[in-house]
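Below is one structure, written out as structure tokens; the observations come after it.
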Amino acid sequence: MRAFSTPTAIAVAAASVLSLCGSAWAGAPDWKKSEDRARSNIKSFSGYTLNGADHAYDVTDRVLDSDGVQHIRFNRTYRGMRVLGGDLVMHNESSGNFRGASLSLNRAINVARTTTISAGTAIKVAFNTYRGSTNGVKPELLVYARGDIPALAYDVRLFGMQPDGTPMEMHVIVDASTALILEAWNDIHTAALAGTGKSLYSGTVALTTDLVGGTLNLRDPSRGNTYTVNMNNATTGTGAIFTIPGTTTTANVWGTGAIGITAAALRTVAVDAEYGAAKTWDYFKNVHGRNGIANNGVASYNQVHYGTKYANAFWSDTCFCMSFGDGDGTILGPLVSVDITAHEMTHGITTRTANLIYSGESGGLNEATSDIFGTAVEYYAANTTDAGDYLIGEKVVKTGTNKFLRSMITPSIDGLSADCWYSTLGSLDVHFSSGVANHFFYLLAEGTKAGVPSKTCATGNTRVASGTGTLTGITRAKAEKIWYRALTVYMTSSTNYAGARAATISAAKDLYGITSVEQAAVAAAWTAVGRP
Ligand SMILES: [Zn+2]
Numbered sequence: 011m012r013a014f015s016t017p018t019a020i021a022v023a024a025a026s027v028l029s030l031c032g033s034a035w036a037g038a039p040d041w042k043k044s045e046d047r048a049r050s051n052i053k054s055f056s057g058y059t060l061n062g063a064d065h066a067y068d069v070t071d072r073v074l075d076s077d078g079v080q081h082i083r084f085n086r087t088y089r090g091m092r093v094l095g096g097d098l099v100m101h102n103e104s105s106g107n108f109r110g111a112s113l114s115l116n117r118a119i120n121v122a123r124t125t126t127i128s129a130g131t132a133i134k135v136a137f138n139t140y141r142g143s144t145n146g147v148k149p150e151l152l153v154y155a156r157g158d159i160p161a162l163a164y165d166v167r168l169f170g171m172q173p174d175g176t177p178m179e180m181h182v183i184v185d186a187s188t189a190l191i192l193e194a195w196n197d198i199h200t201a202a203l204a205g206t207g208k209s210l211y212s213g214t215v216a217l218t219t220d221l222v223g224g225t226l227n228l229r230d231p232s233r234g235n236t237y238t239v240n241m242n243n244a245t246t247g248t249g250a251i252f253t254i255p256g257t258t259t260t261a262n263v264w265g266t267g268a269i270g271i272t273a274a275a276l277r278t279v280a281v282d283a284e285y286g287a288a289k290t291w292d293y294f295k296n297v298h299g300r301n302g303i304a305n306n307g308v309a310s311y312n313q314v315h316y317g318t319k320y321a322n323a324f325w326s327d328t329c330f331c332m333s334f335g336d337g338d339g340t341i342l343g344p345l346v347s348v349d350i351t352a353h354e355m356t357h358g359i360t361t362r363t364a365n366l367i368y369s370g371e372s373g374g375l376n377e378a379t380s381d382i383f384g385t386a387v388e389y390y391a392a393n394t395t396d397a398g399d400y401l402i403g404e405k406v407v408k409t410g411t412n413k414f415l416r417s418m419i420t421p422s423i424d425g426l427s428a429d430c431w432y433s434t435l436g437s438l439d440v441h442f443s444s445g446v447a448n449h450f451f452y453l454l455a456e457g458t459k460a461g462v463p464s465k466t467c468a469t470g471n472t473r474v475a476s477g478t479g480t481l482t483g484i485t486r487a488k489a490e491k492i493w494y495r496a497l498t499v500y501m502t503s504s505t506n507y508a509g510a511r512a513a514t515i516s517a518a519k520d521l522y523g524i525t526s527v528e529q530a531a532v533a534a535a536w537t538a539v540g541r542p
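Here the working numbering is used: the first residue of the sequence shown is 11, the next is one more, and so on.
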């Protein structure tokens, strides 16, 4: 990612960005005017934005700072074609003047006007590798700009089911002149590689439910109407919302605290999912001022008892919902703990903001974002039965040496995740390349501590950290603020680890000042995980 605001431009503005002075509030801007201004800035500052004659832009998100500075996110098209990796964030001063631009595109688009291979050939190439079916969706001709040189390519969509029951919604990017697969990813974002748990993980919790006629529904009108359905072991269809006959407080009790086959016991994991969704909603609203996943007050919903012994959980943008398996019952219990629920919902937020592509280093950063906020929500919930920690899925894993899915303290403890950045990190599965950012977040928040096995990375990076450096943490609360601002204001779809370093440093300067201890700590923590 290139953060083209010129460090000075960011710096000058940063000092006043989040001043708490009430008079600094500039009120809601006229967004139409701000967007027009950002569009004209894209053209005027084409040296920064890499604008060209056949480029056009659609607004996808807007962020307003308390001093009136605006950050407007655009998708780019070229001759009417989507430019994958061409998205950018324009930063306007409160006056509308150009303040900077964030983008990952690194050179002007100069692609062939015609294709050498047909859409049919592209489908065959994709199908031979991934199978599935196109469901009648035609390949989209686009400009692929995630590599060094932008090129014409087909985005072939393939739908189907993976062997473990996870739905497949593949994007296979096929070069329109060489027929090579440039990149491929699954839009279904899974939480975990495996799962665990015994029953209700969070003890007795408060729920807000909905009374419809003479029936109680597991739906929360105070949080965008988020609700939970019983898939009854199916993997298709819409399921049925959980209900209890009755209208009284005495009747309004859900689950039994254990798993089982009675109607009451089947509601137990629904309670966990609904509770996790409520805490996630509250966290983003109260800590970051975000009104739901799409920031529009509309909630997602939960599908529990998804599939049979399905040992995973996933977010789907298509249904705007989360699906939770019951686990295999031996290694993993139902995958409905608070950290996993928040992890899944965060994928929805990432899609609507930086939209980090689920492949390579950007995919690792996407996964890490979900682990970071999954952990943040677990702490925020302050539940004594499932206390906050830097482990993912510790309530769900039932057996093994490490009773959790991932550790942010020492990611490599699982034998697969990376503690430290190295040049080919992006070839790891996204759930393991995320380790470096998870490790960064832990060190930034907590620092190195006696007795805690979170080491810095030695020179000559390897996957496992073995350094002896020391760092002082800036607190988890500040680290969360920095990551959220980087995600929503500076990162774009192809941001890599170098870009994440730049984005978080920019965010820390905005929030805490250009010479702040916090921005220096961000830089030091990235250096400590091998990404100087
Ligand atoms: Zn995930």
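Note that beta-carbon positions come from the ideal geometry of N, C-alpha and C, so glycine has one too.
> Does ligand 1 have a heavy atom nearer than 7 Å to the CB of E388?
Replying inline: No, ligand 1 has no heavy atom inside 7 Å of this Cβ.
>> Would the segment 284-302 count as touching the segment 217-234 if we require 3 or more Cβ pairs under 8 Å?
In response: By the Cβ criterion, the segment 284-302 is in contact with the segment 217-234, since at least three pairs of Cβ atoms, one from each stretch, lie closer than 8 Å.
> Do S372 and ligand 1 come close, with the Cβ less than 7 Å from some heavy atom?
Replying inline: It does not: the Cβ of S372 is nowhere closer than 7 Å to a heavy atom of ligand 1.
> So is the beta-carbon of S76 under 7 Å away from any non-hydrogen atom of ligand 1?
Replying inline: The answer is no for S76.
>> Tell me the rounded alpha-carbon separation between Q313 and S187.
In response: Q313 and S187 have their C-alpha atoms spaced approximately 42 Å apart.
> Heavy atom of ligand 1 less than 7 Å from the Cβ of E179, yes or no?
Replying inline: Because no heavy atom of ligand 1 lies under 7 Å away, the Cβ of E179 does not count as near it: no.
>> Three Cβ pairs or more, each shorter than 8 Å: is that satisfied between the segment 69-86 and the segment 96-105?
In response: Segments in contact, yes.
> In the DSSP assignment, what are the bridge partners of F383?
Replying inline: DSSP lists no partner for F383.
> Anyone know if the C-beta pair for H315 and N227 falls short of 8 Å?
Replying inline: Not closer than 8 Å, so no.
> From this set, V446, A535 and A428, which residue's C-alpha is nearest T480's C-alpha?
Replying inline: Out of V446, A535 and A428, the CA that lies nearest to the CA of T480 is found in A535.
> How long is the line joining the alpha carbons of K491 and H298, rounded to whole angstroms?
Replying inline: Near 7 Å, if we compare the C-alpha coordinates of H298 and K491.
> Mind checking whether the beta-carbon of E377 lies closer than 7 Å to any heavy atom of ligand 1?
Replying inline: At least one heavy atom of ligand 1 is nearer than 7 Å to the Cβ of E377, so yes.
> Near R541, what residues of its chain come up, given a Cβ to Cβ distance below 6 Å and the 5 sequence neighbours on each side ignored?
Replying inline: Hits under 6 Å: W431, Y507 and R511.
> Cβ of T290 within 8 Å of Cβ of T379?
Replying inline: Against a cut-off of 8 Å, the Cβ pair of T379 and T290 comes out as no contact.
> What are the uninterrupted segments assigned as alpha helix (DSSP H) that are 4 or more residues long and contained completely in the segment 29-98, given in chain order?
Replying inline: The segment 29-98 contains these whole alpha helix (DSSP H) runs: 41-54 and 56-59.
> If you run the structure through DSSP and keep just helix, strand and coil, what is M501?
Replying inline: M501 falls in the coil class under three-state DSSP.
>> Considering only heavy atoms of ligand 1, does any lie closer than 7 Å to the CB of H449?
In response: Every heavy atom of ligand 1 is 7 Å or more from the Cβ of H449, so no.
>> Can you determine whether any heavy atom of ligand 1 sits closer than 7 Å to the C-beta of S380, and answer yes or no?
In response: Indeed, a heavy atom of ligand 1 lies less than 7 Å from the Cβ.
>> Please report the straight-line C-alpha distance between S526 and D338, rounded to a whole angstrom.
In response: Distance from the CA of S526 to the CA of D338, rounded to the nearest whole angstrom, comes to 49 Å.
>> Let me make sure I understand the geometry here. Which of M178, F84 and F252 has the alpha-carbon closest to that of A2?
In response: The question about residue 2 has no answer, for the chain in this structure spans 11 to 542.
> So, helix, strand or coil for E193, using DSSP?
Replying inline: Reduced to three states, the DSSP call for E193 is strand.
>> Below 7 Å, is the gap between the Cβ of H353 and the nearest heavy atom of ligand 2?
In response: As presented, the structure is devoid of ligand 2, carrying ligand 1 as its sole ligands.
> Thinking C-alpha only, which one of A163, D40, G142 and V184 is nearest M171?
Replying inline: Nearest C-alpha to M171: G142.
> Taking C-alpha atoms, which residue in Y500, T537, V446 and L415 lies nearest to T7?
Replying inline: Summary: the structure shown does not reach residue 7, with the chain confined to residues 11 through 542, and so no result is reported for it.
>> Within 8 Å, do at least three Cβ pairs link the segment 353-364 to the segment 492-501?
In response: At 8 Å Cβ cutoff, the stretches touch.
> What three-state label does DSSP hand A23 in the structure shown?
Replying inline: Residue placement at A23 cannot be trusted, given a pLDDT of 27 that sits under 50; what the coordinates show is reported in the next sentence. Residue state, collapsed to three classes: helix.
> Would a C-beta distance cut-off of 8 Å place E150 and Y164 closer than the cut-off?
Replying inline: Contact: yes.
> Since R473 is in the alpha helix (DSSP H), which residue starts that stretch and which ends it?
Replying inline: For R473, there is no enclosing alpha helix (DSSP H), as DSSP marks it with neither H nor E.
>> With H, G and I counted as helix, E and B as strand and the rest as coil, what does DSSP make of S372?
In response: Assigned with DSSP and collapsed to three states, S372 falls in helix.
> Three-state secondary structure (DSSP) at G445?
Replying inline: If DSSP states are grouped into helix, strand and coil, G445 belongs with the helices.
> Counting Cβ pairs closer than 8 Å, one from the segment 303-310 and one from the segment 329-344, do we hit at least three?
Replying inline: The segment 303-310, when compared against the segment 329-344, does touch it at the 8 Å Cβ threshold.
>> Nearest by alpha-carbon distance to V279: which of K53, A513 and V406 is it?
In response: Ranked by Cα distance from V279, the first of K53, A513 and V406 is V406.
> Among residues of its own chain, excluding the 5 on either side of R89, which ones have a beta-carbon nearer than 7 Å to its beta-carbon?
Replying inline: Contacts found: D64.
> Which residue comes first and which comes last in the beta strand (DSSP E) that contains A496?
Replying inline: A496 -> no beta strand (DSSP E), and no H or E assigned at all.
> What separation, rounded to the nearest whole angstrom, lies between the Cα atoms of G343 and R277?
Replying inline: Distance between the alpha carbons of G343 and R277: 15 Å.
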